[in-house]
Amino acid sequence: MSVEYYAKLERSAIAGASASVLDAVATALQLDDTERAHLLDLARAADGIPSSGRPRRRAARSATPRPSLQWALAAITDGVAFVRDQRQDLLATNALGRAFYSPVIGDGGRAPNLARFQFLDPAARDFYPDWELFAEMCVAIMRAEAGRDPHDKGLQDLVGELSTRSDVFRRLWGAHDVRTHGSGTKRFHHPVVGELTLAYEELAITAEPGQVLMVYTAEPGSPSAERLRLLASWATDPAPAARSEA
190 MSVEYYAKLE
200 RSAIAGASAS
210 VLDAVATALQ
220 LDDTERAHLL
230 DLARAADGIP
240 SSGRPRRRAA
250 RSATPRPSLQ
260 WALAAITDGV
270 AFVRDQRQDL
280 LATNALGRAF
290 YSPVIGDGGR
300 APNLARFQFL
310 DPAARDFYPD
320 WELFAEMCVA
330 IMRAEAGRDP
340 HDKGLQDLVG
350 ELSTRSDVFR
360 RLWGAHDVRT
370 HGSGTKRFHH
380 PVVGELTLAY
390 EELAITAEPG
400 QVLMVYTAEP
410 GSPSAERLRL
420 LASWATDPAP
430 AARSEA
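Numbering (the numbering used here), first residue to last: 190 to 435.
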């Protein structure tokens, strides 16, 4: 590969690059799996090929999730379960998820969005003890999603809004870091039950490209498991629900 050709790739002139060239670049730059996939997504987009099997034009989304998906969420009773899309919209939750994400859902006036909460709501810094880490993860996941479907106007609009209103988001977006969620452990501080350390697993919903099912669980017998049970009890208590609707 000539220096001139590599310079063209760095200037985003990636259309027409062969798989072998992209693989060689990824190997030379020691890209991890997520970064390599992002590079291939960018190349497909430059060639006009929809990425990751997603249709470029989507039908209008229903505000109500499919009943069977909601039933599946409701069947998860000991963990926080929710569905989010590539725009970080919180589309559906189980009962424990609604209680867990009460700071994000708020009064229900606007569709809850995890990225808006992260960067625009001061309550996020209390809810996420590791706020800086969460901010980096959120933007890197959104950057990877933008690479998979650069024609998603909803995601473009969200990036524009957050870039205008948050200096931190604008700086992180400019870093061009990418990552996937996968699995791991996170810390939270819930206003009702306090500190929680939860393991998470991300599962792709094949029937709804771009949507994922996230499940947060606590280690059995841990203080966090006891606090999740307490939160579940709080969620079934009609008193807090009545207060929140007042």
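Even for Gly, the Cβ is constructed at its ideal location relative to N, Cα and C. What you are looking at is a predicted structure, and each value in this text was computed from that prediction instead of being measured.
1) Could you name the residues that DSSP lists as bridge partners for Thr425?
2) Report the option in Val272, Asp315, Arg276 and Gly371 whose CA atom is closest to the CA atom of Lys436.
3) Looking at C-alpha atoms only, which residue of Gly410, Met403 and Ala407 is the closest neighbour of Val272?
4) Taking the beta strand (DSSP E) that Glu390 falls in, what are its first and last residues?
5) Classify Gly373 as helix, strand or coil using the three-state DSSP reduction.
6) Is it a yes or a no for the segment 305 to 318 touching the segment 338 to 355, going by three-plus beta-carbon pairs under 8 Å?
7) If you reduce the DSSP assignment to three classes, tell me which class Arg299 lands in.
8) Roughly how many angstroms lie between the CA atoms of His379 and Gly373, to the nearest whole one?
9) Measure the C-alpha to C-alpha separation of Tyr405 and Thr216 and round it to an integer number of angstroms.
10) Within 9 Å of any Cβ in chain D, is that where the Cβ of Ala261 sits?
11) Can you list the alpha helix (DSSP H) stretches of 4 or more residues lying completely in the segment 309 to 354, in chain order?
12) Could you check whether the segment 252 to 263 touches the segment 311 to 330, counting it as contact only if at least three pairs of C-beta atoms, one from each stretch, sit closer than 8 Å?
13) Take Leu358 as the anchor and find which of Glu408, Arg332 and Thr425 has the nearest alpha-carbon.
14) Could you say which of Ala264, Ala284, Ala263 and Asp212 lies nearest to Ser422 if we only look at CA atoms?
15) Let me confirm a value: Ser411 is counted as buried when at least 16 other C-beta atoms fall within 10 Å, else exposed. Which label applies?
16) Should Asp346 go down as buried or exposed, given a rule of 16 or more other Cβ atoms within 10 Å for buried?
17) Report, in whole angstroms, the separation of the C-beta atoms of Ala281 and Leu262, which I expect to be a contact under 8 Å.
18) So is Pro409 buried or exposed if we call it buried at 16+ other beta carbons inside 10 Å?
On the basis of the data shown:
1) Residue pairing of Thr425 in beta bridges, as defined by DSSP: absent, with no partner found.
2) It is not possible to answer for residue 436, since the shown part of the chain is limited to 190 through 435.
3) Among Gly410, Met403 and Ala407, the Cα nearest to that of Val272 is on Met403.
4) For Glu390, the uninterrupted beta strand (DSSP E) segment begins and ends at Gly383 to Ala393.
5) Strand at Gly373.
6) The segment 305 to 318 is in contact with the segment 338 to 355.
7) Secondary structure at Arg299: coil, using DSSP grouped into helix, strand and coil.
8) A direct Cα-Cα distance of roughly 19 Å separates His379 from Gly373.
9) Going from the Cα of Tyr405 to the Cα of Thr216 covers about 34 Å.
10) No chain D is part of this structure, which consists of one protein chain only.
11) Within the segment 309 to 354, the runs of alpha helix (DSSP H) at least 4 residues long that lie entirely inside it are, in chain order, 313 to 316, 320 to 337 and 342 to 354.
12) They do not touch, by the three-pair rule.
13) In the sequence as presented, Leu is not what sits at residue 358; that position holds Phe. With distances taken between CA atoms, Phe358 lies nearest to Arg332 out of Glu408, Arg332 and Thr425.
14) Closest by alpha carbon: Ala284.
15) Residue burial annotation: Ser411 is exposed, with fewer than 16 other C-beta atoms found within 10 angstroms of its C-beta.
16) Under this definition Asp346 is an exposed residue.
17) Yes, they are in contact, since the Cβ atoms of Ala281 and Leu262 sit about 6 Å apart, within 8 Å.
18) Residue burial is scored here from C-beta neighbours: Pro409 has fewer than 16 other C-beta atoms within 10 angstroms and is therefore classed as exposed.
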